[in-house]
Structure formats: structure tokens, C-alpha cells
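Student: Numbering (UniProt numbering), first residue to last: 1 to 275. One structure, as C-alpha cells, below. Some questions next.
The structure is reproduced here in C-alpha cells:
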């Protein structure tokens, strides 16, 4: 692609991804992520021509001016956007597809001193949050998202969100009906329904959602069992008391249980010190 046509695409991509961009002149002169990308295109071409010293010189000049370090050997696709950019590091064998977005502090690094492929491959449409570290010759699938400050050391499937250290899949792939059922059960049992939704990348919410599903299955089984016993002449489950999460006796028992656990931990710690 011609160099100046690529610049035009890059500027247009900023307006698509950064609501703070107001006009072309502002983007052209005040977005260091774009400047680093344009410097890289020059240094990468020099690298392909085997002018390694000159390529590294151009990349170092870019680093001094922008605070972004991109090795001239890295392969970068079209409409690449680094937002803010300070502290971004991209290694020699990294490969980046089209329409990829990185935020400040991102590292595409290696985990080995061996030569060869040792940096990540990012497919089209990947978004990596601020401070995230993607390490090793792994592949991040198309349109995947990596949360801020995550440390990714394994392949990430496409259309997936990962968070944490080490990064784990956080997207909860449930339909709207399941999400609504979980919300109602959470309210019934006194849980805060915050983040129990299909589109919130929270692994704790996912775990709670699965627990609610399990509780519902158990409730259905108990109901079926009660009906079967009643048909045989028994009299069970006539009235199941509701759990009041604000009940004083319930709260006092919770405090007593917490105190027993603390006393047990103190006793165990004392025993270890004595030995």
C-alpha cells in the first residue's frame, strides 16, 4: 500500500476509535501512536532491505520522540492504532493484523532468549488494554480483548475476553433468558445482582451465575421429591420458610461462625510456631 494512503487510513481509524479526536490537524500532529506507526513503516522497510543498523537508528529516534518502542522487524497490518502510547514495547518477531488497538503500557514480549519466533501474533481486530503483557509465541485470535494489566501466556481464542494474572477467559457466553433467570434468583436469595450478566467480563460473576444455576437445579429436584413423598401419603415441604438475609439471628450466627474460624486459624498458627 502507498505510504500516504496508509496515513489517510490511519487518521480515519483514529476518529473511529477515539471520541476525543476533534479534527484532522489535531490527529496529525498530536497523536504519538500514529507517529510511532509511521516511523515503524520506514524502519521496517529498511529492515527488509537488510539495512539493519539504519533501521534500528530510525526506530530509536521514534522511541525518543514518542516513548513507544517498536522493533523494526515486527510486522504490523493496516489501521494499527496505539492510544496514548507511552511505554508500549513490541518485539522483533511480533505479528499484528489489521484494525488492532493497543493502549499505553502494553508489552508484546518474549519468554525465551532463543532465536526464532518468540513474540505474539495478534489477529485482526484485537484490543489490548493498558498495561497488559502478552508474552511468548502465542496467538491472540480475531477480535479478542485483553483486559488492562492482564498477563497473557497462552493462546486466546477469537471473540474472547481474558483478564487477570495469568489471564483467563472472562466472557460469560449466556443468552438473555439465562441472564434474566440468574438475576431473579440472585434477588430472591439476597445476592447483589451486580455484574451477573452475559456481557460483563467478570469471572466472579460467571462463577456466581453457575452457582445460581446449580441452586435452581437442586430446588427443582427437592420440589419433585416432595411431591413424590406427598403422593405416597407423607406430608413434607408444606411450607418452606424464606431466608431473610437481614434477620438479626442469622447475622449473629454469621458473626459467631466467623469468630470460630478466626480462633481456629489463631490456634493453628500458634501450633506451627511451637513446632
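In this text, a Cβ means the ideal position worked out from N, Cα and C, and glycines have one as well.
1. What whole-angstrom Cβ distance do residue 108 and residue 119 have, given they're in contact under 8 Å?
2. Just how far apart, CA to CA, sit residue 221 and residue 210?
3. For residue 212 and residue 122, what's the separation of their Cα atoms in angstroms?
4. Between the alpha carbons of residue 276 and residue 22, how many angstroms are there, rounded?
5. Between 93, 36 and 152, which has its C-alpha nearest residue 134's C-alpha?
6. With which residues is residue 146 paired in a DSSP beta bridge?
7. Nearest-angstrom Cα distance between residue 167 and residue 161?
8. Please classify residue 194: does DSSP put it in a helix, a strand, or coil?
9. What does the alpha-carbon distance come out to for the pair residue 17 and residue 126?
10. What do you get for residue 157, buried or exposed, if any count of 16 or more other CB atoms within 10 angstroms of its CB means buried?
11. Excluding five sequence neighbours on each side, which residues of the same chain lie with their C-beta closer than 8 Å to the C-beta of residue 27?
12. Should residue 66 and residue 19 be called a contact, given that it needs their Cβ atoms to be closer than 8 Å?
13. May I ask which residues mark the beginning and end of the beta strand (DSSP E) holding residue 134?
14. From the DSSP output, in three-state form, read off residue 51 for me.
15. May I ask you to report which of helix, strand or coil DSSP gives residue 138?
16. Please list the terminal residues of the continuous beta strand (DSSP E) segment that includes residue 111.
Tutor: In brief:
1. Here residue 108 refers to the residue found at position 108 when the chain shown is read from its first residue. Here residue 119 refers to the residue found at position 119 when the chain shown is read from its first residue. Right, their Cβ atoms sit about 6 Å apart.
2. The residue given as residue 221 occupies position 221 in the chain shown. The residue given as residue 210 occupies position 210 in the chain shown. Within the model, the alpha-carbon separation for residue 221 versus residue 210 is close to 17 Å.
3. The residue you call residue 212 lines up with position 212 of the chain shown. The residue you call residue 122 lines up with position 122 of the chain shown. Rounded to the nearest whole angstrom, the C-alpha separation of residue 212 and residue 122 is 36 Å.
4. One cannot answer for residue 276 here, as it falls past the ends of the chain, which runs 1 to 275.
5. Taking the chain shown and counting its residues from 1, the one referred to as residue 134 is at position 134. Of the candidates 93, 36 and 152, 152 places its Cα closest to the Cα of residue 134.
6. As a working mapping, residue 146 is identified with position 146 in the chain shown. Residue pairing from DSSP places residue 146 in a beta bridge opposite 128 and 162.
7. Indexing the chain shown from 1 puts residue 167 at position 167. Indexing the chain shown from 1 puts residue 161 at position 161. Their backbone Cα atoms lie some 9 Å apart in a straight line.
8. As a position in the chain shown, residue 194 is number 194, starting the count at 1. Its pLDDT being 41, under 50, residue 194 is placed unreliably by the model, and the measurement read from it follows with that caveat. The answer is coil: DSSP assigns residue 194 none of H, G, I, E or B.
9. Translated into positions along the chain shown, residue 17 becomes position 17. Translated into positions along the chain shown, residue 126 becomes position 126. Between residue 17 and residue 126, the C-alpha separation is close to 13 Å.
10. For this step, residue 157 is matched to residue 157 along the chain shown. Residue 157 comes out exposed.
11. Here residue 27 refers to the residue found at position 27 of the chain shown. 11, 14, 15, 21 and 34, listed in sequence order.
12. For the purposes of this step, residue 66 is identified with residue 66 of the chain shown, where counting begins at 1. For the purposes of this step, residue 19 is identified with residue 19 of the chain shown, where counting begins at 1. With respect to the 8 Å criterion, residue 66 and residue 19 are not classified as neighbours on the basis of their beta carbons.
13. Taking the chain shown and counting its residues from 1, one reaches residue 134 at position 134. Element bounds for residue 134: 133-135.
14. For the purposes of this step, residue 51 is identified with residue 51 of the chain shown, where counting begins at 1. Of the three classes helix, strand and coil, the one that applies to residue 51 here is coil, per DSSP.
15. For this step, residue 138 is matched to residue 138 along the chain shown. Here residue 138 sits in coil by DSSP.
16. Position 111 of the chain shown, counting from 1, holds the residue named residue 111. Taken as a continuous stretch (DSSP letters only), residue 111 belongs to no beta strand (DSSP E), as it is neither H nor E.
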